[in-house]
Amino acid sequence: HVHGTDNARCLIALSLMTGQIGRPGTGLHPLRGQNNVQGASDAGLIPMMFPDYRRVDDAEASEFFSNYWATELDPNPGLTVVEIMDKAYEGEIRGMYIM
155 HVHGTDNARC LIALSLMTGQ IGRPGTGLHP LRGQNNVQGA SDAGLIPMMF
205 PDYRRVDDAE ASEFFSNYWA TELDPNPGLT VVEIMDKAYE GEIRGMYIM
């Protein structure tokens, strides 16, 4: 969902404003929109993040993972699903291999 992150942030802000965080019987658990999206996100399967939610365009994080994986990494974040679909519609992406 293109507004999922914003929705979760709004729920967090609302919970904080109404005192629903940090007391027994309170809390927040925004559900994710797809199967195992949390685990995939934790593992770095977001186009702008490495594992542990470290940004691809963060030089220190890029150097760490480049050394750890023993390969040179592209410093530019990838496209989101929405951006991929837009680029495909515009003709900038003409083919995809999807598993």
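Numbered according to the numbering used here, the sequence shown spans residues 155 to 253. Yeah, the Cβ is synthetic: ideal placement off N, Cα and C, and Gly gets one too.
Status (buried if at least 16 other CB within 10 Å, exposed otherwise) for residue i
{"i": "M239", "result": "exposed"}
{"i": "M253", "result": "exposed"}
{"i": "M250", "result": "exposed"}
{"i": "M171", "result": "exposed"}
Top-ranked residue by Cα proximity to residue i, from the options
{"i": "R209", "options": "T159, G232 and G245", "result": "G232"}
{"i": "Q188", "options": "G158, M203, Y207 and P178", "result": "G158"}
Alpha-carbon to alpha-carbon, residue j and residue i
{"i": "Q192", "j": "G198", "result": "10 Å"}
{"i": "T234", "j": "G173", "result": "34 Å"}
{"i": "W223", "j": "E214", "result": "14 Å"}
{"i": "I166", "j": "L182", "result": "7 Å"}
{"i": "T180", "j": "N221", "result": "42 Å"}
{"i": "V236", "j": "N161", "result": "17 Å"}
{"i": "V156", "j": "R163", "result": "13 Å"}
{"i": "K261", "j": "I247", "result": "The structure shown does not extend to residue 261, since the chain is modelled only from 155 through 253, so no value can be given for it."}
{"i": "L168", "j": "L185", "result": "16 Å"}
Expected contact under 8 Å - CB spacing of residue i and residue j to nearest Å
{"i": "P201", "j": "S216", "result": "That belief does not hold up - the Cβ atoms of P201 and S216 are roughly 14 Å apart, past 8 Å."}
Beta bridge counterpart(s) of residue i as assigned by DSSP
{"i": "I200", "result": "M203"}
{"i": "R208", "result": "F204"}
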